[in-house]
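Numbering (the working numbering), first residue to last: 1 to 470.
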């Protein structure tokens, strides 16, 4: 058996290619939107992709399952389990075969047993993998967003991201029951999860790429919580705010196959003209560089592992976009421009360098002031809004007296709550998310915004006492 793992750092997402080396057949599970890496890997390994599937309707990226199946001439296999508004719409999604619990998929001498494990989503499947040439016993489980290293998939996304009211607790109870179904599996089963550390599909994912069922039984909190009510309370507590784009991804993945757009190369002159005609500038430089001079209306979303999460929280998907990056970061920015299409932001025209800024406007460049963390208390006493853009779980662990919470993922939809309230000092945990938020506020026309350097962590370090819930 041949096994290949593909991992995207910015999405913290894993997909897999598994092949029978005798028959040269292969299956790909949970592919991203671009089929090229999987087709290239299959060619390199001398196998043919004959089947493509996914564990569930994804919320954190646009699925590439249908596109890869079409490009490879492969069978498209999707879950027919579950019910509700965010499972696959079989009137719009055209699968070759609809899978149910107990089905089997034969890839030459490799067998995938289909196991329905609702909880994270109603239709979620896992695939128990057996290399029949070596053994009749299964060797591993493609667990998707069911079981992670150190955690399990969050059951609140249908309600909190997709707006399906009243589903969190019922989904948590389904997840508890699904975990119980694994009791008959041996400890040696390898776990190949769909996400790693940094994903918003759980709250405490480990950075190790894979585990075993036996190890998770010993160390994963979810397996050590035997009471259903206690499990429900724990799995729902402290989940981070889902990025704003999750709702769009859920709906689109459930109802349509969205092919990857072709990106055209544009000259700097064409990009400059696009900006003059209203394209949104996303400045991917570090906050310190953005603060000293940027185009009015630009948003600051620095490059890094959280780039797609932050971008998906604040960027529209219906405007032309131009990235602005230093020459040294241009290659990374070009890569990031392509990756934005993974979350449905398809109208990225290209990348400009900062020296092109003067040609984009006749007005002086804007600046963004910053203050030290020691100014937070004084800001509140002086009538300045102290805006905390961390997650609620972080807020509940402690916050600045007098601060106001609007998580970054909710900021663009709650701007009106802040209008007319006076000057704003924005902080997060360490200063990164607040830089994004401050640029959003400034671009939305708030005249007096400052970013708090070092954020809440710096405020604690200089000896201040936080407020904690009783």
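Glycine included, C-beta positions come from ideal geometry on N, C-alpha and C.
Within 8 angstroms, do at least three Cβ pairs link the segment 315-322 to the segment 253-265?
no
Residues sharing a beta bridge with residue 193, DSSP:
Counting from one through the chain shown, the residue named residue 193 turns up at place 193. Its beta-bridge partners are 144.
Three-state class that DSSP yields for residue 15 in the structure shown
As a working note, residue 15 is residue 15 in the chain shown. In the structure shown, residue 15 sits in a strand (DSSP, three-state: E or B).
Proximity winner among 84, 227 and 229, relative to residue 250 (alpha-carbon distances)
Along the chain shown, read from residue 1 onward, the residue named residue 250 stands at position 250. Residue 84 is the option with its Cα nearest to residue 250.
Check the C-beta distance from residue 195 over to residue 14 and give it rounded, since I have them as a contact under 8 angstroms.
In the chain shown, residue 195 corresponds to position 195, counting from 1. In the chain shown, residue 14 corresponds to position 14, counting from 1. That pair is a contact at about 7 angstroms.
Rounded straight-line distance, which links the Cα of residue 153 to that of residue 228
What you label residue 228 is simply residue 228 of the chain shown in a count that begins at 1. What you label residue 153 is simply residue 153 of the chain shown in a count that begins at 1. One C-alpha to the other measures close to 16 angstroms.
In terms of alpha-carbon separation, which member of 413, 404, 432 and 34 lies closest to residue 421?
Position 421 of the chain shown holds residue 421. Looking at the Cα atoms, 404 is the closest of the given residues.
Taking the beta strand (DSSP E) that residue 442 falls in, what are its first and last residues?
The count along the chain shown starts at 1 and reaches residue 442 at position 442. Taken as a continuous stretch (DSSP letters only), residue 442 belongs to no beta strand (DSSP E), being part of the alpha helix (DSSP H) at 432-443.
Report the CB separation of residue 471 from residue 287 in whole angstroms; it is logged as a contact under 8 angstroms.
Because the chain spans 1 through 470 in this model, residue 471 falls outside it and cannot be assessed.
For the putative contact between residue 171 and residue 158, defined by C-beta atoms under 8 angstroms, what is the C-beta separation to the nearest angstrom?
Counting from one through the chain shown, the residue named residue 171 turns up at place 171. Counting from one through the chain shown, the residue named residue 158 turns up at place 158. 6 angstroms between Cβ atoms; contact.
Less than 8 angstroms between the C-beta atoms of residue 433 and residue 408, yes or no?
Against the chain shown, residue 433 aligns to sequence position 433. Against the chain shown, residue 408 aligns to sequence position 408. Cβ atoms of residue 433 and residue 408: closer than 8 angstroms.
Indicate whether residue 75 and residue 67 have their beta-carbon atoms separated by less than 8 angstroms.
Numbered from its first residue, the chain shown carries residue 75 at position 75. Numbered from its first residue, the chain shown carries residue 67 at position 67. No, the Cβ-Cβ distance between residue 75 and residue 67 is not below 8 angstroms.
Rounded to whole angstroms, how far is the Cβ of residue 424 from the Cβ of residue 384, which I believe are closer than 8 angstroms?
Counting from one through the chain shown, the residue named residue 424 turns up at place 424. Counting from one through the chain shown, the residue named residue 384 turns up at place 384. Contact holds; Cβ gap of about 7 angstroms.
Give me, in chain order, the residues of the same chain whose beta-carbon lies closer than 6 angstroms to that of residue 1; leave out the 5 immediate sequence neighbours on both sides.
Here residue 1 is taken as the residue at index 1 of the chain shown, counted from 1. Taken in chain order, the residues that qualify are 110 and 131.
On a Cα-Cα basis, can you pick out the residue from 155, 166 and 387 that is closest to residue 176?
Position 176 of the chain shown, counting from 1, holds the residue named residue 176. It is 155 whose Cα lies nearest to the Cα of residue 176.
I need the DSSP call for residue 343, collapsed to helix, strand or coil.
Here the question's residue 343 lines up with position 343 in the chain shown. In the structure shown, residue 343 sits in a helix (DSSP, three-state: H, G or I).
Could you name the residues of the same chain whose beta carbon sits closer than 6 angstroms to that of residue 471, not counting the 5 residues immediately before and after it, in chain order?
Summary: the structure shown does not reach residue 471, with the chain confined to residues 1 through 470, and so no result is reported for it.
How is the alpha helix (DSSP H) around residue 395 delimited, first residue to last?
Position 395 of the chain shown, counted from the start, is the residue given in the question as residue 395. DSSP places residue 395 inside the alpha helix (DSSP H), whose first and last residues are 392-397.
Do residue 118 and residue 147 come within 8 angstroms of each other at the CB atom, strictly closer than that value?
As a first step, residue 147 must be located in the chain shown, where it is residue number 147. As a first step, residue 118 must be located in the chain shown, where it is residue number 118. Taking 8 angstroms as the Cβ cut-off, residue 147 and residue 118 do not qualify as a contacting pair.
What does a CB cutoff of less than 6 angstroms around residue 414 pick up in its chain, not counting 5 residues either side in sequence?
Numbered from 1 along the chain shown, position 414 holds the residue referred to as residue 414. Answer for residue 414: 406, listed in chain order.
Minimum C-alpha distance to residue 98 - residue among 54, 60 and 64:
Residue mapping note: residue 98 aligns to position 98 of the chain shown, counting from 1. Of the listed residues, the one whose Cα sits closest to residue 98 is 54.
Are the CB atoms of residue 28 and residue 57 nearer to each other than 8 angstroms?
Here residue 28 is taken as the residue at index 28 of the chain shown, counted from 1. Here residue 57 is taken as the residue at index 57 of the chain shown, counted from 1. No, Cβ-Cβ distance for residue 28 and residue 57 is not below 8 angstroms.
Determine the direct distance from the alpha carbon of residue 173 to that of residue 238, and round the result to whole angstroms.
Indexing the chain shown from 1 puts residue 238 at position 238. Indexing the chain shown from 1 puts residue 173 at position 173. Those two C-alpha atoms are separated by around 17 angstroms.
Could you tell me the alpha carbon to alpha carbon distance between residue 304 and residue 285, rounded to whole angstroms?
Stepping through the chain shown from its first residue, residue 304 is reached at position 304. Stepping through the chain shown from its first residue, residue 285 is reached at position 285. Those two C-alpha atoms are separated by around 10 angstroms.
Can you give me the start and stop residues for the alpha helix (DSSP H) that residue 236 sits inside?
Position 236 of the chain shown, counted from the start, is the residue given in the question as residue 236. Residue 236 -> alpha helix (DSSP H) spans 228-236.
Please state the DSSP three-state secondary structure of residue 332.
For the purposes of this step, residue 332 is taken as residue 332 along the chain shown, with counting starting at 1. The answer is helix: DSSP assigns residue 332 an H, G or I state.
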